[in-house]
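Residue 383 in the UniProt record's numbering sits at position 383 of the sequence shown; the count goes up by one each step and never skips.
From the three backbone atoms N, C-alpha and C, an ideal C-beta is built for every residue, glycine too.
Everything below concerns the one structure shown next.
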Amino acid sequence: MASILIIDDEKSIRKTLSEILSYEGYKVEEAADGAEGFKLFKDKQYDAVLCDIKMPKMDGLEFLEKAREINTDVPIIMVSGHGNIDTAVEAVKKGAYDYISKPPDLNRLLITLRNAMDKTNLVTETKTLRRKVNKTQEMIGTSAPILKIKETIEKVAPTDARVLVTGENGVGKELVARWLHELSNRASGPIVEVNCAAIPSELIESELFGHEKGSFTSAVKQRIGKFEQANGGTLFLDEIGDMSLSAQAKVLRALQEGKITRVGGDKEISVDVRVVAATNKDLLKEVEDKNFRLDLYHRLSVILIHVPSLNDRREDIPALVEHFLDSACQEYGMARKSIDKEAMKALQQHNWSGNIRELGNVVARLVILSGKTITPEDVFDYVLPARDKKKVNA
Ligand SMILES: Nc1ncnc2c1ncn2[C@@H]1O[C@H](COP(=O)(O)OP(=O)(O)OP(=O)(O)O)[C@@H](O)[C@H]1O
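Pasting the structure below:
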């Protein structure tokens, strides 16, 4: 149900508008002047605001200006009396969505509201779409290891050298792979990702190489595998340490010969694919334990890029937090929130086990639950376990 805030000092007007809009199925809240309205606007999320122009305490224009400072997405419709049409026009120039005159014409009121909210939905959709088509996420951080990684990516990307990216979960290994693709001569081709840990071992070969119809019971039609899909581009083999030994043998052959055969097929198909692999395991240890082929390891690890955990590059945390604040506030259509110095310090000292992914989730949670400025109390209440609280206080 869409919710609407009505700000008007005339009780009878508030009552009429409120009755009409409730009848139309909106959730309505009322405020008797700009100051009261602004307090509600600041603390709650509305889909639209109807705001009178002439009011005591804070008038409509002042409300508009203050509201726009904290949120530019919620449409504000001014309600003007006879004497202040000029002011209403002025308000529209300053960012009000539109104005309606008193006494409000029922149809015009409802149509204006509907249009205003449709427009907000469009703006939100556009933002989401823009994010989707946006290029690869910038790699944030100026710590020595991140600078080194960026430099390596720039040097290695234009070559077809295979790269093995290592590091714990959520440190940004996939981001490294995406940048290797983005800065390569293959950037106009596809980047295809396979999470080797997520695919049951009996299906991985068909996933990677495809299969011919009837090659096994559930192979009801022909299927093109990821190697073929990535032709002319990059194949990102994530969690390669979890791949079965038999799949490893086939991948090795594909890398050696630049050819694949679909499961159940006999035709050799040439593929032009650059492979970037990633793992959170110690692959040499896996080799020792006979879970990973040494020859495949050498094929994959022409270039090694290790992404250190967030706990080993804490100086990158503030920039990452600011970045996630931007994206979370935008995503939830909120005005940009800020973070208090002590709260930032607490985040910087936290022991991050889920790395950047966890940090992103935590900031999103803080954006949703905190006020305009994120305080250390917010961080303790919503994020950090008690042990960290003790540590920071000590
Ligand atoms: N340096 C960075 N700057 C900005 N965002 C980052 C950075 N590194 C990682 N991220 C973001 O953090 C999230 C996790 O990164 P990513 O998926 O690349 O990690 P991963 O190491 O591949 O994780 P997994 O091991 O679980 O596959 C992604 O949303 C990614 O965009």
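Is residue i near ligand 1, going by C-beta to nearest heavy atom under 8 Å?
| i | result |
| --- | --- |
| Met-55 | no |
| Gly-167 | yes |
| Lys-94 | no |
| Ile-146 | yes |
| Gly-141 | yes |
| Gly-241 | no |
| Ile-356 | yes |
| Val-194 | no |
| Val-176 | yes |
| Leu-320 | yes |
| Val-171 | yes |
| Gln-330 | no |
| Glu-138 | yes |
| residue 400 | In the structure displayed, the chain extends from 1 to 394; residue 400 sits before or after that span and is not available. |
| His-323 | yes |
| Asp-316 | yes |
| Gly-360 | yes |
| Val-163 | no |
| Val-49 | no |
| Asp-326 | no |
| Val-307 | yes |
| Asp-238 | yes |
Would you check if the distance between the CB atom of residue i and the CB atom of residue j is smaller than 9 Å?
| i | j | result |
| --- | --- | --- |
| Ser-143 | Glu-315 | yes |
| Gly-170 | Asn-355 | yes |
| Asn-311 | Asn-280 | no |
| Leu-64 | Lys-94 | yes |
| Ala-88 | Ser-101 | yes |
| Met-58 | Gly-37 | yes |
| Gln-222 | Arg-178 | no |
| residue 395 | Glu-182 | The chain is shown only over 1 to 394; residue 395 falls outside these bounds and no answer can be derived. |
| Thr-166 | His-306 | yes |
| Glu-205 | Ala-247 | yes |
| Ile-111 | Asn-84 | no |
| Val-367 | Cys-329 | yes |
| Lys-42 | Ile-70 | yes |
| Ile-199 | Val-176 | no |
| Leu-109 | Leu-17 | yes |
| Leu-21 | Leu-113 | yes |
| Gly-265 | Ala-230 | no |
| Glu-10 | Gly-34 | no |
| residue 431 | Gly-241 | Outside the displayed range of the chain (1 to 394) lies residue 431, so it cannot be described from this structure. |
| Val-79 | Pro-104 | yes |
| Phe-236 | Ile-191 | yes |
So does residue i have its beta carbon nearer than 8 Å to some heavy atom of ligand 3?
| i | result |
| --- | --- |
| Ala-278 | Within the structure as shown, ligand 3 is missing, the only ligands being ligand 1. |
Within its chain, find whatever has a CB closer than 6 Å to the CB of residue i; leave out the 5 residues flanking it on each side and keep chain order.
| i | result |
| --- | --- |
| Ser-324 | This sequence places Phe at residue 324; Ser is not what is there. Cβ neighbours of Phe-324 beyond the five flanking positions: Gly-360, Val-363. |
| Gly-225 | Leu-208, Phe-209, Gly-210 |
| Thr-373 | Ser-338, Asp-340 |
| Val-383 | Val-362 |
| Gly-81 | Lys-102 |
| Gly-172 | Val-307, Ile-356 |
| Arg-336 | Cys-329 |
| Ser-3 | Lys-27, Tyr-46, Asp-47 |
By Cβ distance below 7 Å, which residues in the same chain neighbour residue i in space, the five residues on each side in sequence not counted?
| i | result |
| --- | --- |
| Asp-238 | Glu-174, Glu-193, Val-194, Asn-195, Cys-196, Ala-278 |
| Arg-186 | Gly-232, Gly-233, Thr-234, Arg-274 |
| Leu-40 | Leu-5, Glu-29, Ala-31 |
| Met-344 | Pro-318, Val-321 |
| Leu-252 | Arg-293, Asp-295, Leu-296, Arg-299 |
| Glu-358 | Gly-170, Trp-352 |
| Lys-150 | Met-139 |
| Leu-347 | Ile-317, Val-321, Val-379 |
By Cβ distance below 8 Å, which residues in the same chain neighbour residue i in space, the five residues on each side in sequence not counted?
| i | result |
| --- | --- |
| Arg-14 | Ile-6, Asp-8, Glu-30, Ala-32 |
| Ala-116 | Ala-48, Pro-75, Ile-77, Tyr-97, Asp-98 |
| Ser-270 | Gly-258, Lys-259 |
| Arg-162 | Leu-255, Arg-274, Val-275, Val-276, Ala-277, Arg-299, Leu-300, Ser-301, Val-302, Ile-303 |
| Met-1 | Gly-25, Tyr-26, Lys-27 |
| Pro-158 | Leu-183, Ser-184, Asn-185 |
Strictly under 9 Å for the Cβ-Cβ distance: is residue i near chain C by that measure?
| i | result |
| --- | --- |
| Leu-310 | Looking at the structure shown, chain C is missing, and only one protein chain is on hand. |
**Request:** Go through the segment 176–244 residue by residue and report every complete run of the beta strand (DSSP E) that reaches 3 residues or more, in order.
**Result:** Annotation: the segment 176–244 contains the following complete segments of the beta strand (DSSP E) (minimum length 3 residues), in chain order: 191–195, 234–238.
**Request:** Quick one: which unbroken beta strand (DSSP E) runs of 3-plus residues sit fully inside the segment 53–133? Chain order, please.
**Result:** 76–80, 98–101
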